[in-house]
Amino acid sequence: MYRRAIGLAVRLALFVAVLFPMSTALAQGTRGVVTGTVVEDVTGQPLAGVAVLLVATGRGALTDDAGRFALADVPAGAYTLRAQQLGYATVELPVEIRGGVTRALSLRLVVSAVRLSAVQARARSTERERFESRTGVGTVALTPSAVRTVPSFGEPDVLRTVQLLPGVNARNDFSSGYNVRGGESDQNLILLDGYPIYNPFHLGGLFSTFLDETVGSIELLTGGFGAAYGGRLSSVLDVRSTEATRTGVHGTAAISLISSSLSLGGASADGRSSWMVAGRRTYADKLVSLLSDRSFPYHFSDAQLHAVKAFDGDRRVELTAYSGADLLDGDLAALSDSAGTTANAGAFVFGWKNQLLGATLRDTWRPRDGRALLGADSVTAEQRVSYTKFATALDIADGVLALTNTVREVRLAGDVRWHRGNHERRVGYDASRYSIRYDVGSVATGTQLLALAQQPMAGALYYQESWHPGERLVAEAGVRAEHLTGRGWSGLSPRAQLKLFVTRDLALSVAAGEYAQWLHSLNREDIPNRLFDFWVASDEYVEVSRAKHLVLGAEQWLGPLRFARLELWGKKYDHLLEQNTADNPDRRGDEFLDADGLSYGVDLLVRQLDIGRFGGWIAYTYAVSGRSMRDVAYWPGHDRRHNLNLVGTWKAGEKYTMSARLGVASGTPYTDIVGEVIRRIYDPNTNSFGTGGPRKDIEPVGGRRNGSRYPLFQRLDLGVSRAGQWRGMQVTPYFSVVNAYNAKNVFIYNFDYRKSPATRETLSQFPLLPSIGMTVAF
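Here our numbering = 1-based position in the sequence shown + 15.
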């Protein structure tokens, strides 16, 4: 019943949205253009989300990530231009607009400690601007400062912070992977500067690959996202690199118990070029070797580059490069105390790598004679090209067993956007060529157990339109057409969002859409932690997964710095991939089973923006996620009914910042052991069943799949930092405690049947973990 209701509601919402009229009027007369940039006065850092207004005209715009704005098609005359953002003094200056002339301005905002009453009267936050100008269904934005203030083990972590948002669920402490609104962990599209990146995790998911110093902005789309995004069923995480704005060379060095990192960057004197490089490496292996005669055979490293070059007009080129690697290289025999071990019998090498190289060319054309350009105030074209590689390799005993998986993606993507006032049309495409290899065998014996090679191509065209049909409405509708070779599959995915303002501070919203995914991870849902993922593509044996989203929401602003958002959501899945543990290795096509699914729930977010002394949020999710396969229904391993996170930061004076996070969640499901059986084999010589020897092999018997649940999860994290100056550098030491009261949260149960009666041992998640570190900005 739920599936039919959600499917019918999705189609009805999309049908109404597509039929909604989309029209604009073309302005006439002698008009001009005002363009410019807004930066922070002291640092020269571009300010995004600044409201730039022509006073008493109703015309305005928000600055983009580079601090740029444009007001086109402005009637000739004298005006007052106002730039305002919460936390900065408002700037006003007279502007003379002449017909056919483009006026370029540069504005600098000064940080201002304004009393609340003045803030209420004069400025609005970036979140408030988004609330008024975008549909924003299922969208949560985070600043780098919000990530840095959340208590964590070792160092700030983007993905660990994302786990604390509504609709997002982490299965346990040992994974920075996440599930969104009942979806699988491989259904999340993760982008770095608009380029896809696979498995951005270290140490089996314990840490993410994003370097804190390089992060400029974070935006999470948890459902109902637009037609510009494809290839995943559940969510989009868009991480953007920061851009250096200060001239000369400057940077940040950070050291923690886990790793050390260094970032350097700078900008040219004319502000047209900027660059930033950063690197990180763990050093536990080096410390162990230095302080003892033992070895610690693991380390990971990251390196990232981001560069921007602006040319005359609004043309700019961006370059992003990333490389990360994990290596676990050891010998189990050498670590044991056993004698007489065969050479190399315990040797193993386990590694995985992430590589990304991408470039973007962006250009914006604006009218020079005061007339509309192709029916728009401005036209922006963007072209992206990228190469992404993810590789995993496991070698045991010098080739006795070798397992490798490699995914390569070469991607071309681009779009053209037409802007006119509050109306935007967008046409774009994606084209990807994949090269996937999955091999299992023995180099030592020359045996090939499995060899899978795939080279599919995927293409997509999309159209999306965003507009304000009236003062109280904000709408977005689009459609995405996709095709996949190898499978010979084609699909059409309509999507729409609508927001209705009931009052100035209260809005209701609805979103619906259809989504497709053809890249699948082979991680098993019954395993609580994923050390690595192996990827395959849909082909003649593997279906393309599909999902339908329906989201109903309400958002109420409770002041200039505080809002509450409630969203009810439902998702229906078709053709989810499930590993077949009883497949025939000699037969291609039975490796996977087909499953369907249904998820529904409620997300609540109450947020205090981190502007001023206090910031944080309350995030609560009630969710139900179910799967069915071959007429058998079960709860997937990430199904969690209740999930509550309270996050708060407090700035005590100018130097100290204190933070806390309290997480409480109901348990996830697992398959309980209900009995045991002694495995017996038939002996034709005696015509009887026996154990085959003196040893009895005891095999556990499981109950209903995921029919039991782990107990309640709870964890309190605390942190404090102190910012100070030393020899012209900003030095910030910090201290944090993860699991401050040492709660014994269950990771897994381990059953021992060698004892009678059998015993159950609990393996816990993070214990109490104190951590110290320091950052130095110069």
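Beta carbons: idealized from backbone N, C-alpha and C, even for Gly.
Treat the numbers as computed from the prediction; the structure is a model and nothing was measured.
What are the partner residues of residue i, as DSSP defines its beta bridges?
i, result
"P312", "Answer is none; P312 lacks a bridge partner."
"E558", "Answer is none; E558 lacks a bridge partner."
"H217", "F222"
"E424", "T403, Y449"
"Q479", "R441, G493"
"R255", "S232"
"T777", "Y764"
"Q370", "S338, K404"
"E486", "The partner list for E486 (beta bridge, DSSP) is empty, contrary to what the question assumes."
"A293", "S278, Q319"
"P509", "V494"
"Q202", "The partner list for Q202 (beta bridge, DSSP) is empty, contrary to what the question assumes."
"L68", "G75, R97"
"S190", "Note: S190 sits in no beta bridge, so no partner."
"E397", "R377, D430"
"K514", "V489, S524"
"S11", "Past the edges of the chain, shown from 16 to 793, lies residue 11, and the structure says nothing about it."
"Y756", "Answer is none; Y756 lacks a bridge partner."
Please identify the residue among the options whose C-alpha is closest to the C-alpha of residue i.
i, options, result
"A522", "G239, L302, E258, G568", "G568"
"G92", "A104, T664, R113, A496", "R113"
"T774", "V689, Q594, S736", "V689"
"L252", "Q178, L272, S278, R186", "Q178"
"L659", "P651, S674, Y637", "Y637"
"V753", "S786, D605, G47, V400", "S786"
"R628", "Q470, Y671, F793, L591", "Y671"
"I693", "V716, V494, L306, V48", "V716"
"R695", "T706, E593, P509, Y213", "T706"
"Y635", "T141, E111, V53, R196", "R196"
"S450", "Y402, L418, G192, G461", "Y402"
Taking 8 Å as the limit between beta carbons, can you name the residues of its chain near residue i, skipping five residues before and five after?
i, result
"G231", "D80, P159, R255, S256, T257, E258"
"L343", "P312, Y313, F363, V364, F365, G366"
"D56", "R123, L124, V125, V126"
"D625", "T158, S160, A161, T164, G631, T664"
"V70", "Y94, T95, L96, R97, E107"
"G641", "G612, L613, S614, A648, Y649, W650, P651, D654"
"W533", "G246, P471, A473, L499, R502, W504, A552, S553, V559, S560"
"R287", "K324, A325, F326"
"L279", "V264, H265, G266, M291, V292, A293"
"M644", "E593, L608, D609, A610, D611"
Which residues in the same chain as residue i place their Cβ atom closer than 7 Å to its Cβ, once the five residues preceding and following it in sequence are excluded?
i, result
"L778", "F762, I763, N765"
"Q571", "D520, L521, F578, A579"
"V517", "L523"
"D352", "Here D352 scores only 44 on pLDDT, less than 50, and its place in the model is too uncertain to base an answer on."
"A104", "L124, V125, S127"
"V116", "G47"
"R137", "In this prediction, R137 scores a pLDDT of 42, lower than 50, which makes its location untrustworthy; no coordinate-derived value is stated."
With a CB to CB cut of under 6 Å and the five nearest residues on each side skipped, what residues in its chain are close to residue i?
i, result
"D797", "The displayed coordinates of the chain run from 16 to 793. Any statement about residue 797 would go beyond what the structure contains."
"L120", "G51"
"V25", "For V25, the predicted structure reports a pLDDT of 46, less than 50, and the residue's modelled location is therefore unreliable. The matter cannot be settled from this model."
"H483", "N437, V489"
"L334", "A322, A374"
"M789", "I270, P748"
"L675", "Residue identity check: residue 675 is Ala in the sequence provided, not Leu. Excluding positions up to five away in sequence, the list reads G663, L733."
"S316", "R296, A340"
"F750", "V735, I787"
I'd like to know if residue i contacts chain C, where contact means its C-beta is closer than 7 Å to some C-beta of that chain.
i, result
"V162", "Absent here is chain C; the protein component of the structure consists of one chain."
contact_flag[the region 723-731, the region 755-762] where n(CB pairs < 8 Å) is 3 or more: yes
Minimum length 4: unbroken alpha helix (DSSP H) runs contained in the region 635-705: none
Every unbroken alpha helix (DSSP H) inside the region 75-158 [4 residues or more]: 131-137, 141-148
Touching by the beta-carbon criterion (3+ pairs, under 8 Å), the region 451-458 and the region 201-216: no
Any 3 or more C-beta pairs closer than 8 Å across the region 288-305 and the region 260-275: yes
Touch test, the region 423-432 against the region 389-405, Cβ-Cβ under 8 Å, three pairs minimum: yes
Minimum length 3: unbroken beta strand (DSSP E) runs contained in the region 714-740: 728-737
Stretch-stretch touch, CB-based, cutoff 8 Å, three pairs: the region 299-311 with the region 325-332: no
Continuous beta strand (DSSP E) assignments of at least 3 residues falling wholly in the region 524-600: 534-536, 550-552, 560-574, 577-594
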